Amino acid sequence: MATIIDGKAISAAERNNIKEETAAFVAQNGFAPGLAVIIVGENPASQVYVRNKHKACGEVGFLSRVYELPEATTQDQLNALIDELNADDAIHGILCQLPLPKHLCESEVIARISPKKDVDAFHVQNVGRIMLGDYDFLPCTPAGVMVLLRETGVEIAGKECVVLGRSNIVGKPMAMLLLQANGTVTICHSRTQNLAEVTRRADILVVAIGKAKFITGDMVKPGAVVIDVGMDRDENGKLCGDVDFASVEPIASAITPVPGGVGPMTITMLLRNTLTAARRAASDSN
Ligand code: GUN
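Counting the sequence shown from 1 gives a position; the working numbering is that position plus 396.
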């Protein structure tokens, strides 16, 4: 029987810390951390995410502004809003919800957000700083995974860590963080040969490939810690992860459920990044 890693509880405790730190920050500086979230168009999933971010900001005492732009917004209009927010002293974090409508360029948007306000940590400057191990912001999902591992008491140093997935947002930075924590890290992907042989070596297996129930019990080493970043739908349309929980849970020593594992941590880490950005801004102005 594996320990079920309770992302909801760990997230709630971390948000409580952020709330207390925010109250102290406001008392000291006379202003609250401010997050601006931009959403273009009417993608229903994005609308839910943005609503949740706005609500979470309110709960910890942040200023939160949501900019809902119409589908027909031009690149110039979006760029102009980002420039305005880059120059706005009340705003410490800027997040443009992805995906954007097809006619808009995501890489241009990411490059235009000031690296100091880039609470997604998507800007090339912040990505580079993660490589060097000298960063203010970490991308929210890998940062959340590291908190889950820490709070579960998982030792990373010297362990075989396998990351399945190589996206810029999850797989690559995840591998880098495990490496910085002195893990021995392997990244696998859709072209990896003998995948099960590699995943079976993992003491810590992080799965982020976006394929429902892809990792089955026979692909997992007994006693492994299994972190499921997936958010998929099963054959009945029910929310599930990249890991087949039913066959992996009896083999693993600890495992994240979906929902209730990694998911709740991502907004929490966005709040953490926004507080960090506000602290930087406060110390820059002193
Ligand atoms: N869309 C889905 N996840 C994310 C995220 O973490 N950041 C942004 N900007 N857009 C997203």
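Positions of the beta carbon are idealized from the N, C-alpha and C atoms, including for glycine.
Being a predicted model, the structure only gives us computed values, none of them experimental.
Taking all protein chains shown into account, do 16 or more other C-beta atoms lie within 10 angstroms of the C-beta of Ser407, making it buried, or fewer, making it exposed? Buried is the call here.
Element boundaries [alpha helix (DSSP H), containing Tyr445]: Membership of Tyr445 in the alpha helix (DSSP H) is indicated by the continuous run Pro440 to Val456.
Within the stretch 548-578, ranges of the alpha helix (DSSP H) (whole runs, at least 4 residues): Correct list: 567-576.
Measuring only from the beta carbon, is Thr652 closer than 7 Å to any heavy atom that is part of the ligand GUN? Result no, Cβ not under 7 Å from the ligand GUN.
Tell me, to the nearest whole angstrom, how far the beta carbon of Leu465 is from that of Val433; I am working on the premise that it is less than 8 Å. About 11 Å separates the beta carbons of Leu465 and Val433, which is beyond the 8 Å limit, so they are not a contact pair.
Boundaries (first-last residue) of the alpha helix (DSSP H) holding Val621: That residue, Val621, is in no alpha helix (DSSP H); its beta strand (DSSP E) goes Val621 to Asp624.
Under a three-way DSSP split, which group does Val433 fall into? Three-state result, Val433: strand.
Between which residues of its own chain and Ile583 is the CB-CB distance below 7 Å, once the five residues before and five after are set aside? Only Val559, Arg562, Gly567 and Ala571 meet the Cβ criterion.
Can you give me the start and stop residues for the alpha helix (DSSP H) that Leu494 sits inside? Unbroken run through Leu494: none, as it is neither H nor E.
When you compare the CB positions of Thr664 and Arg411, do they come within less than 8 Å of one another, or not? Yes. Within cutoff.
Keeping to the same chain, check which residues put their C-beta closer than 6 Å to that of Ile542; ignore five residues upstream and five downstream. For clarity, residue 542 is Met in the given sequence; the question names Ile instead. So the list reads Leu573, once near-sequence residues are dropped.
Measuring CA to CA, which of Lys617, Pro618 and Gly659 is closest to Cys636? Of Lys617, Pro618 and Gly659, the residue nearest in Cα terms is Gly659.
Tell me which residues share the same chain as His450 and place their Cβ nearer than 8 Å to its Cβ, disregarding the 5 neighbours each side in the sequence. Answer for His450: Val433, Ser460 and Val462, listed in chain order.
Is the stretch 665-678 in contact with the stretch 485-494, if contact means three or more CB pairs nearer than 8 Å? Taking a cut-off of 8 Å on C-beta distances, the stretch 665-678 touches the stretch 485-494, as three or more cross pairs fall below it.
Can you list, in chain order, the residues of its chain with a C-beta nearer than 7 Å to that of Asn475? Leave out the 5 residues immediately preceding and following it. In chain order, Arg508 place their CB closer than 7 Å to the CB of Asn475, counting only its own chain and leaving out the 5 sequence neighbours on each side.
Let me know the secondary structure DSSP gives Ile526 once reduced to three states. In this structure, Ile526 counts as helix in the three-state DSSP scheme.
Suppose only complete runs of 3+ residues qualify. What are the beta strand (DSSP E) ranges in the stretch 585-672, listed by chain order? Entirely contained in the stretch 585-672, the beta strand (DSSP E) runs reaching 3 residues are, in chain order, 600-603 and 621-624.
With 16 other CB atoms within 10 Å as the buried threshold, where does Thr595 fall? With 16 or more other Cβ atoms within 10 Å, it is buried.
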